[in-house]
Amino acid sequence: MITSIAWKNVWRNRTRSLTVIAAVTVGVFAGVFAMAAINSSIVQRIDAAVNEELSHIQINHKEFRSSSDLKNVIPEPERVISVLQNIPEVTHIAERIIVRGIASTSAGSTGVEVTGINVEGEEEMFTLKTRLIPGTGSYFGSETRLNSAFIGEKLAKELYIIRYILTEESLGTLKESGVPSSVVEKLKPLEDQRFTTEKKLTEALAGLLSAREAKEYGMMIREAAWSYREGSRIILTFLDADDNQTGAAFRICGIFRTNNDLFEAMSVFVPENELRRLTGLGEGEYHRIIARLADNDLTDRVTPEVKEALPGLEVMHWKEIQTDLAMIADYMNQIYGIFMALILAALAFGIVNTMLMSVLERTRELGMLSAIGMNRRRVFTMIMLESIFLSVVGGFAGMLVSGVVIAITGHTGINLVKYSEGMEAFGYSAHLYPTIGADFFIMLTVLIVITGILSAVYPARKALQLNPVEALRGE
Amino acid sequence: MKDYQLAWRNLWRNRRRTLITAASVFFAVFFALVMRSFQLGTYEKMYRDVIESYTGYLQLQHTDYIDESSLDNGFIIDPELISMIEGDPNVTAVIPKLESFALAAAGSRTQGVMVIGMDPENEMKGLNIINRLVRYRLTPEAVEALKAESLPDRTGKLLDVFVNESFTDEASLISILGIGRPDTSDVLPLFRKHAAFKNGYLTSADSGYAVIGNGLSEYLHAGVGDTIVLMGQGYHGATAAGLYIIKGIVLMPQPEIDNRFVYLTLDDARYLYAAPGMATSAIISVRDTKEGDINMTRNRLGQITGDGLAIRTWKEMNALLLNQMEADNKSGAIMIGILYLVIAFGVFGTVLMMMAERRREFGMLVSIGMQKGKLAKVISMEMFLVGFLGVAAGVAGSLPIVFLGYARPLRFTGEMAKMYEDYGFDPVMPMLLPDTYYLWQVVIVLLILLIAITFSVRKIFKMNVINAVRA
Amino acid sequence: MQAAVFMIVSIPSGAQQLTATEIIRKADEKFNGELSGYSVMSMTIIRPTWERTVEFKSWSLEDDYALTLITAPAREKGQTFLKRGNEMWSWNPAISRLIKLPPSMMSQGWMGSDYTNDDILRESSVVNDYTHSVEGEEEIDGRLCHEIKLLAKDDADVLWGHQVWWVDKKEFIVLKAELYDEDGYLVRTERGTGLKTMDGRFIPSVIELVPAEEEGHKTILKIMEVKFNIELEESFFSQQNMKTIR
């Protein structure tokens, strides 16, 4: 009975109800969306790092990371493999050879880390190959006689393997993608001129275009001029097992682009047997064994197990390798926690005020109810029920709205490319795809609805304090 | 009676209603200020820490150095120029330094390092690297000895986690090892006894000595008293090679720096790199670090440095950091925007309710002859007055929290603190003191109020008097 | 057709018609074979804003062993470098340390010059790692030269895409060489001048290296004294000798 009265009350004063519902909806939306955006950005970064760069668990010889000495191979790798295979959460295992060396082209040389991988064996695991820039090769797929190497874009740019040339074709492409002909005409003097660095191209553009044109079309021009000679040659030099300098020429079989500049600049992947042959390492000698788990969150539980089983080796959790990532994930959670607390508090106060006003507005009505015999408890319950309805309706509406918005932006992405330079240097994608775990979603909504309900307590109590006689007399 | 008098009287006629409405504005302002202060404080601190510990706010460099930071783009530093720069009102010190790459070797291990040559007396006027000297180290022996003593539980456990870690001061010991305030006076002396680290620092008179980063020391397996070799290429291609005895070990923020840090006296560095009288840059320490002050100082100094040299601001030197700051700021703005959304509804709701409650009153007034326009005016004034009341209260209420947060920022302990320190950040969550951002938040809240008022005025004009009276 | 006739007519009397590869082989042997022994050289490094000269004595055996002692300027004097196969060692009396140079140390030019690690240590063969073709003739410094194009083989580990050499027809001295990257852009030009007879052989006494993409950069090597085919044992090229050689 009270329930139906409460329900009718809610809809009797539409404006008031809608305001409260709207407030709760906005609260839910705000909290959930913000969380989704922040969460996704971090999850993306972690996933990328873990799957493409690190894997969940890395196992090395104890001295390997500090001295990078070729001789620091893992003792008894078969035992490590069997330990890992016995853990059900481990989905993939890979063994690798790692050598520090120099990569050179006629443009110069730079220090790199060369990793020898088992291409067929890591077919499923090596997700970095999904980052291959289309048109730069076929990832160890083709049949060249020469050794193949898979390198990062940053490295390719440093060694002038990637350069910028405005060919006739690329100028045509620019016109098609909407760059005005007047601008393209201005670029004519640069046709077929090779720019070895992005900076040199930008300088040349600054000389020919106005500041506004350079700003607006600069990025498109750079993209159109980006070019690469397929199968470019690169010389890798390193010390072999006898400490002699050795090396060989490799052909680039693909260039990958991640969001991690450092990784791109330092990493070179080659077939394991080639590297073994050149360095003179024995069969079955490896420097690193990596394990992929079914889920990122399992790492916390599994790593100690592995550490216990392999006491003589260095077993590393990805968080230990990239402490900054781990820190940022936790830091963000803290910031978010405080933010949510503030939102909930703001929401609570907003609702308290609104409901209070609403109660005051209904003094006559409430007084009437008391006068005709409705006891205090019932009045209190009635008001509370109203709040519950409002909060729940608001909560659902909020879930709906945020769900839709997240689904849309999760698909199309939020574009922060203007800040991409800073973000990408730290490994973050400049495109945000908000996502949120289902459990989080529900928990947040429940929390917010509870806040709504609790906020109504004070006004409801106030309602009880109204003196029916005074109330009936009007204010 | 004047309109505003009427408005004022109205407010106090129904005190409860007034207070509730004022309260909604108060909360809005309060939350906005606290949150913003918090956000801005955190960003400020993060970036200032990095700037102050490494690049400084202004630097004197060769004009080409900013594009190519090689030794060949160094310049001869003239003592007269230094005194002229020091003469500037905002400048507290000028610290020339010679910086270049080298290979450091000890035993069979080599590592690429950055060698920084500065005069230690000079350097202490601005950078205070001496503050980063390792003072405590939890060697396995120290940990054993400490465990034998009576320590709070938490600290005892954390000792195992942080074995072999180095600490630069007692504050970080306290925060990272979770030593509670009541225990400090008992526990700290134990650390001083068992975990103190013997260390030293460069003096201007030293020659042949180096202070190196903790990470580098661990990598090379070389400690205080050991010798390291530095080799590389000097100015104009000359060979650079020298032997240096390690005099001290410092723990630098950020591992990338700590693993590659070698500090020599300026004279030693000049000799090593065959660059007599030269510097690659000179850090200019300033007193007032606000943006406006820095730019003005830069402009003044730019006048006296002449051709071939340039004064660079920290923004020019840290383009990447800047980009990240902007991104952070924008995301912070989004968060605040969301907060405002929530707040706005709170304010609207309250105002709406107030209007609804007084419908009868308004209807009465209009029916006895008050112009709708005049009514609207009076109501608007009421709301503005309430608004100002709420704002004033909000500002007043936020100040204690902000000041408290500034003086005693939230501190982290344990693993969290260690991670912060590893990454170069002080493990705190600070607040920013009142600044222009205060004004902004107030303005925004008032804007929200304005919208609410506009709505109300419209309602008044659309009001059907007869229905209103019967409400 | 006409060019072919011209070429047949102008073959030096007594010489058979040489293939491009044979020309290169002769030029290579002349250059490498001749510099076995002992030499005193000066290397001047020229940059837009400065210039520096280093003087050194050098002993070498075939292409595999070399010992170099720096004699000037004063700051560098006494340093020695030892090459054995593709290892490089350095001794610096200032620090009394014998150091094996890791590849990373060598990525900047040797002693600040335009000679790179690749030039000094890499063992690529102009004869075996390239295919050769005669492109014509040209006069360089008043001497008639074969113009030969050297195209890097697919699987060779050389940095260059192709090279063009101007080899003196009479003496098989490389008077000019242009080195191109894989895109076909000129990276470096080398010139041999100052032809004279030293220790009985006719050789270029000045070699210039000019990087193409840097304005005002040049490295000039001058041979001041040279002795060919002196008695040298492999044992001469030792770490011990690095410290004591004068």
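From first to last, the protein sequence lines stand for chains X, R and D.
Using this note's numbering, read the first sequence as starting at -7 and increasing by one per residue.
Using this note's numbering, read the second sequence as starting at 1304 and increasing by one per residue.
Using this note's numbering, read the third sequence as starting at 137 and increasing by one per residue.
Glycine included, C-beta positions come from ideal geometry on N, C-alpha and C.
Original post:
Going by alpha carbons, who is nearest to D/Glu271 out of D/Cys281, D/Thr355 and D/Val262?
Top reply: D/Cys281
Subject >> Contact residues within the segment 1529 to 1547 of chain R, judged by C-beta distance below 8 Å to chain D >> reply: The segment 1529 to 1547 of chain R vs chain D, Cβ under 8 Å: Val1532, Met1534, Gln1536, His1539, Gly1540, Ala1541, Thr1542, Ala1544, Gly1545 and Leu1546.
Subject >> Against chain D: residues of the segment 1405 to 1424 of chain R by CB proximity under 9 Å >> reply: Leu1406, Ala1408, Thr1413 and Gly1415
Original post:
Cα separation between R/Val1514 and R/Asp1571?
Top reply: 12 Å
Original post:
Helix or strand or just coil, what does DSSP make of D/Asn228?
Top reply: strand
Subject >> Residue closest to D/Ile206, alpha-carbon to alpha-carbon, out of D/Glu198, D/Gly221 and D/Thr189 >> reply: Distances from the alpha-carbon of D/Ile206 to those of D/Glu198, D/Gly221 and D/Thr189 put D/Thr189 closest.
**OP:** Kindly indicate if chain X contains any beta-carbon less than 8 Å away from that of D/Leu357.
**Re:** Under the 8 Å criterion on CB atoms, D/Leu357 is classed as non-interfacial with respect to chain X.
Original post:
Taking the alpha helix (DSSP H) that X/Leu392 falls in, what are its first and last residues?
Top reply: Arg368 to Thr404
**OP:** Counting only the same chain and skipping the five closest in sequence on each side, list residues whose C-beta sits under 7 Å from that of X/Ala417.
**Re:** In this prediction, X/Ala417 scores a pLDDT of 49, lower than 50, which makes its location untrustworthy; no coordinate-derived value is stated.
**OP:** Answer yes or no: does any C-beta atom of chain X fall closer than 8 Å to that of D/Glu318?
**Re:** yes
Original post:
Could you give the distance in angstroms between the alpha-carbon of X/Ala141 and the alpha-carbon of X/Leu120?
Top reply: 13 Å
Subject >> Same chain, Cβ closer than 6 Å to D/Ala163, five either side skipped, listed in chain order >> reply: So the list reads Val303, Phe308 and Val310, once near-sequence residues are dropped.
**OP:** Using a threshold of 8 Å, state whether the C-beta atoms of R/Ser1507 and R/Thr1568 are closer than that.
**Re:** yes
Original post:
Smallest Cα separation from X/Ile398: which of X/Ala14, X/Glu70 and X/Val20?
Top reply: X/Val20
Original post:
For the beta strand (DSSP E) that X/Trp218 lies in, which residues bound it at each end?
Top reply: Trp218 to Tyr220 is the extent of the beta strand (DSSP E) around X/Trp218.
Original post:
CB D/Val342 to CB D/Ser175, shorter than 8 Å?
Top reply: no
Subject >> Start-end ranges of the alpha helix (DSSP H) lying completely within the segment 1479 to 1548 of chain R, minimum 4 residues >> reply: Assignment of alpha helix (DSSP H) within the segment 1479 to 1548 of chain R, counting only whole runs of 4 or more residues, yields 1487 to 1497 and 1517 to 1523 in chain order.
Subject >> Members of the segment 344 to 359 of chain X near chain R, C-beta cut-off 7 Å >> reply: Asn345, Thr346, Leu348, Met349, Ser350, Leu352 and Glu353
Original post:
How about X/Gly144: is its C-beta nearer than 8 Å to some C-beta of chain R?
Top reply: no
Original post:
In the DSSP assignment, what are the bridge partners of R/Tyr1566?
Top reply: For R/Tyr1566, DSSP records a beta bridge to R/Ile1419 and R/Val1514.
Original post:
From R/Arg1661, R/Ala1659 and R/Leu1644, pick the residue whose C-alpha is nearest to that of X/Gly342; which is it?
Top reply: R/Leu1644
Original post:
According to DSSP, is R/Asp1596 helix, strand or coil?
Top reply: helix
Subject >> Per DSSP, cross-strand counterpart(s) of D/Glu187 >> reply: D/Ile182
**OP:** Tell me, please, whether the CB atom of X/Arg479 is closer than 8 Å to any CB atom in chain R?
**Re:** Because chain X spans -7 through 467 in this model, residue 479 of chain X falls outside it and cannot be assessed.
Original post:
How about the segment 164 to 184 of chain X and the segment 271 to 291 of chain X: do they share at least three Cβ pairs that are nearer than 8 Å?
Top reply: no
Original post:
Where does X/Glu116 fall in DSSP's three states?
Top reply: coil
Original post:
With distances taken between CB atoms, is the gap from X/Tyr220 to X/Thr128 smaller than 8 Å?
Top reply: yes
Original post:
Start and end of the beta strand (DSSP E) containing X/Arg243?
Top reply: It spans Gln237 to Phe248 - the beta strand (DSSP E) in which X/Arg243 sits, taken as one unbroken run.
**OP:** Name the two residues that bound the continuous beta strand (DSSP E) containing D/Met334.
**Re:** Leu322 to Met334
Original post:
Which one or two residues does DSSP pair with D/Met177 in a beta bridge?
Top reply: Within the DSSP secondary-structure output, D/Met177 pairs in a beta bridge with D/Phe192 and D/Ile359.
Subject >> Chain-ordered neighbours of R/Ala1577 on chain D, where CB pairs are closer than 7 Å >> reply: Arg211
Subject >> D/Ile366, buried or exposed, once every other Cβ within 10 Å from all chains shown has been counted against 16 >> reply: exposed
Original post:
For X/Asn5, which three-state DSSP category applies?
Top reply: coil
Original post:
Of the choices X/Leu158, X/Phe118 and X/Val72, whose alpha-carbon is the least far from that of X/Gln185?
Top reply: X/Leu158
Subject >> CA-to-CA distance, X/Thr373 to X/Ala(-2), given in whole angstroms >> reply: 9 Å
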